[in-house]
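One structure below.
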Amino acid sequence: MRQQPTILVVVLAVLAALFVIFTSAQLPAVVASHFNFSGNPDAWMKRENYVAFMVIFILVYPALMTLAFIWLPRKFPALVNIPRRDYWLAPERREESLKYLANHGCWFSCLLLLTLAGVHYALVVGHRTQPPALPLPLFFAVLGCLGVGVIVWTIKLLRRFPKPTV
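Counted from 1, the sequence shown has number 50 at position 69 by our numbering; the numbering is strictly sequential.
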(Lines of atoms letter the chains of each structure in order from A and count residues from 1; the text may use other names and numbers.)
(Lines give C-alpha, C1' and ligand atoms only; values in the text may rest on other atoms or scores of the structure.)
Protein backbone atom coordinates (compact mmCIF):
# COMPACT_ATOMS: atom_id res chain seq x y z
CA MET A 1 0.00 0.00 0.00
CA ARG A 2 1.21 3.48 -0.79
CA GLN A 3 2.34 5.75 2.00
CA GLN A 4 -0.26 8.09 3.46
CA PRO A 5 -0.45 11.29 1.43
CA THR A 6 -0.04 13.41 4.58
CA ILE A 7 2.76 15.37 2.91
CA LEU A 8 0.38 16.21 0.07
CA VAL A 9 -2.19 17.44 2.61
CA VAL A 10 0.41 19.69 4.23
CA VAL A 11 1.65 21.03 0.88
CA LEU A 12 -1.89 21.68 -0.35
CA ALA A 13 -2.81 23.40 2.93
CA VAL A 14 0.20 25.71 2.70
CA LEU A 15 -0.48 26.44 -0.98
CA ALA A 16 -4.18 27.10 -0.32
CA ALA A 17 -3.35 29.43 2.59
CA LEU A 18 -0.82 31.31 0.43
CA PHE A 19 -3.38 31.48 -2.38
CA VAL A 20 -5.87 33.12 -0.02
CA ILE A 21 -3.28 35.53 1.37
CA PHE A 22 -1.98 36.69 -2.01
CA THR A 23 -5.29 36.86 -3.87
CA SER A 24 -6.99 38.69 -1.01
CA ALA A 25 -5.10 41.82 -2.03
CA GLN A 26 -7.67 42.01 -4.86
CA LEU A 27 -10.51 42.29 -2.35
CA PRO A 28 -11.89 45.57 -1.00
CA ALA A 29 -11.34 46.66 2.60
CA VAL A 30 -14.81 45.33 3.48
CA VAL A 31 -15.54 41.94 1.92
CA ALA A 32 -18.90 40.39 1.14
CA SER A 33 -18.32 37.17 3.05
CA HIS A 34 -21.69 35.47 2.66
CA PHE A 35 -24.13 35.38 -0.22
CA ASN A 36 -27.78 34.41 -0.49
CA PHE A 37 -29.02 31.78 -2.93
CA SER A 38 -29.35 34.43 -5.65
CA GLY A 39 -25.67 35.32 -5.32
CA ASN A 40 -26.28 38.66 -3.60
CA PRO A 41 -24.18 39.52 -0.53
CA ASP A 42 -25.92 39.40 2.83
CA ALA A 43 -22.98 39.52 5.25
CA TRP A 44 -19.77 41.56 5.30
CA MET A 45 -16.49 41.54 7.19
CA LYS A 46 -13.18 43.36 7.18
CA ARG A 47 -10.72 41.91 4.68
CA GLU A 48 -8.18 41.19 7.45
CA ASN A 49 -10.77 39.20 9.39
CA TYR A 50 -11.84 37.31 6.27
CA VAL A 51 -8.24 36.39 5.44
CA ALA A 52 -7.55 35.30 9.03
CA PHE A 53 -10.72 33.20 9.10
CA MET A 54 -10.00 31.53 5.77
CA VAL A 55 -6.34 30.80 6.55
CA ILE A 56 -7.21 29.35 9.95
CA PHE A 57 -10.05 27.31 8.44
CA ILE A 58 -7.80 26.05 5.62
CA LEU A 59 -5.08 25.00 8.05
CA VAL A 60 -7.20 23.63 10.90
CA TYR A 61 -10.20 21.86 9.34
CA PRO A 62 -8.32 19.53 6.96
CA ALA A 63 -5.74 18.89 9.69
CA LEU A 64 -8.52 17.80 12.04
CA MET A 65 -10.04 15.62 9.33
CA THR A 66 -6.68 14.01 8.62
CA LEU A 67 -6.06 13.37 12.31
CA ALA A 68 -9.57 11.98 12.66
CA PHE A 69 -8.86 9.40 9.97
CA ILE A 70 -5.36 8.56 11.20
CA TRP A 71 -5.61 8.73 14.99
CA LEU A 72 -9.24 8.17 16.01
CA PRO A 73 -9.69 4.72 14.41
CA ARG A 74 -6.60 3.46 16.23
CA LYS A 75 -7.58 4.98 19.56
CA PHE A 76 -11.32 4.31 19.38
CA PRO A 77 -11.98 1.49 16.87
CA ALA A 78 -15.60 1.22 18.06
CA LEU A 79 -16.22 4.63 16.44
CA VAL A 80 -15.09 3.43 13.01
CA ASN A 81 -18.07 3.42 10.67
CA ILE A 82 -17.23 1.18 7.74
CA PRO A 83 -19.27 -1.63 6.19
CA ARG A 84 -18.81 -4.89 8.10
CA ARG A 85 -16.58 -3.25 10.69
CA ASP A 86 -16.18 -6.34 12.86
CA TYR A 87 -14.82 -8.35 9.94
CA TRP A 88 -12.47 -5.65 8.60
CA LEU A 89 -11.15 -4.68 12.03
CA ALA A 90 -10.53 -8.25 13.14
CA PRO A 91 -6.92 -8.58 14.36
CA GLU A 92 -5.66 -10.23 11.16
CA ARG A 93 -7.07 -7.42 8.95
CA ARG A 94 -7.03 -4.49 11.36
CA GLU A 95 -3.67 -2.93 10.47
CA GLU A 96 -4.22 -2.99 6.72
CA SER A 97 -7.76 -1.62 7.11
CA LEU A 98 -6.63 1.22 9.39
CA LYS A 99 -3.81 2.13 7.00
CA TYR A 100 -6.32 2.32 4.18
CA LEU A 101 -8.65 4.55 6.23
CA ALA A 102 -5.76 6.88 7.11
CA ASN A 103 -4.71 7.08 3.46
CA HIS A 104 -8.28 7.57 2.27
CA GLY A 105 -8.88 10.25 4.90
CA CYS A 106 -5.88 12.19 3.65
CA TRP A 107 -7.37 12.19 0.16
CA PHE A 108 -10.62 13.53 1.61
CA SER A 109 -8.66 16.34 3.25
CA CYS A 110 -7.09 17.16 -0.12
CA LEU A 111 -10.58 17.36 -1.61
CA LEU A 112 -11.65 19.74 1.16
CA LEU A 113 -8.61 21.96 0.61
CA LEU A 114 -9.25 22.24 -3.11
CA THR A 115 -12.90 23.07 -2.40
CA LEU A 116 -11.98 25.81 0.09
CA ALA A 117 -9.54 27.34 -2.39
CA GLY A 118 -12.22 27.17 -5.09
CA VAL A 119 -14.81 28.88 -2.89
CA HIS A 120 -12.31 31.62 -2.08
CA TYR A 121 -11.56 32.08 -5.78
CA ALA A 122 -15.29 32.42 -6.50
CA LEU A 123 -15.48 35.11 -3.82
CA VAL A 124 -12.54 36.99 -5.36
CA VAL A 125 -14.16 36.82 -8.80
CA GLY A 126 -17.44 37.98 -7.29
CA HIS A 127 -15.80 41.15 -6.03
CA ARG A 128 -14.71 42.17 -9.53
CA THR A 129 -18.20 43.55 -10.11
CA GLN A 130 -19.99 46.35 -8.29
CA PRO A 131 -21.96 45.58 -6.32
CA PRO A 132 -20.28 42.26 -5.55
CA ALA A 133 -22.17 39.16 -6.65
CA LEU A 134 -21.19 35.55 -6.24
CA PRO A 135 -20.57 34.01 -9.69
CA LEU A 136 -23.08 31.20 -9.29
CA PRO A 137 -21.88 29.09 -12.27
CA LEU A 138 -18.34 29.09 -10.86
CA PHE A 139 -19.53 28.49 -7.30
CA PHE A 140 -21.78 25.60 -8.32
CA ALA A 141 -18.99 24.15 -10.47
CA VAL A 142 -16.79 24.09 -7.34
CA LEU A 143 -19.59 22.46 -5.35
CA GLY A 144 -20.22 20.03 -8.21
CA CYS A 145 -16.57 19.00 -8.17
CA LEU A 146 -16.84 18.47 -4.42
CA GLY A 147 -19.96 16.35 -4.93
CA VAL A 148 -18.31 14.21 -7.62
CA GLY A 149 -15.22 13.89 -5.43
CA VAL A 150 -17.27 12.74 -2.44
CA ILE A 151 -19.13 10.21 -4.59
CA VAL A 152 -15.88 8.78 -6.00
CA TRP A 153 -14.33 8.80 -2.51
CA THR A 154 -17.34 6.94 -1.07
CA ILE A 155 -17.42 4.37 -3.88
CA LYS A 156 -13.72 3.65 -3.37
CA LEU A 157 -14.33 3.25 0.37
CA LEU A 158 -17.24 0.86 -0.16
CA ARG A 159 -15.30 -1.17 -2.73
CA ARG A 160 -12.38 -1.50 -0.34
CA PHE A 161 -14.61 -2.99 2.35
CA PRO A 162 -16.89 -5.41 0.45
CA LYS A 163 -18.97 -8.17 1.92
CA PRO A 164 -16.54 -10.92 2.94
CA THR A 165 -16.51 -14.11 0.92
CA VAL A 166 -16.38 -16.98 3.34
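Each residue gets a CB set at the ideal place from its N, CA and C atoms; glycine is no exception.
Taking the C-beta atoms as reference points, residue 134 is found no nearer than 8 angstroms to residue 69. Between residue 101 and residue 137 the beta-carbon gap is near 27 angstroms, outside 8 angstroms, which marks them as no contact. The C-beta of residue 108 has 16 or more other C-beta atoms within 10 Å across all chains shown, which makes the residue buried. Of all C-beta pairs linking the region -13 to 0 to the region 38 to 53, three or more are shorter than 8 angstroms, placing the two stretches in contact. Excluding residues up to 5 positions away in sequence, 69 and 70 lie with their Cβ nearer than 7 angstroms to the Cβ of residue 78 in the same chain. Here DSSP, grouped into helix, strand and coil, assigns residue 57 to coil.
The three-state reading of DSSP puts residue 16 in strand, counting E and B together. DSSP, reduced to helix, strand and coil, places residue 52 outside both helices and strands of the structure shown, so it counts as coil.
Note on residue -1: under 16 other CB atoms within 10 angstroms of its CB, so exposed under the neighbour-count rule.
Here the alpha carbon of residue 75 sits roughly 35 angstroms from the alpha carbon of residue 98. Just measuring C-alpha positions, the residue of 47, 14, 13 and 119 sitting nearest residue 81 is 47. When 11, 1 and 3 are compared, the shortest CA-CA separation from residue 111 is found for 11. The beta carbon of residue 26 lies closer than 8 angstroms to those of 11, 12, 14 and 34 in the same chain, with the five residues before and after it left out.
Remark: C-beta atoms of residue 8 and residue 105 approach each other more closely than 8 angstroms. Using a Cβ distance threshold of 8 angstroms, residue 144 and residue 65 count as a contacting pair.
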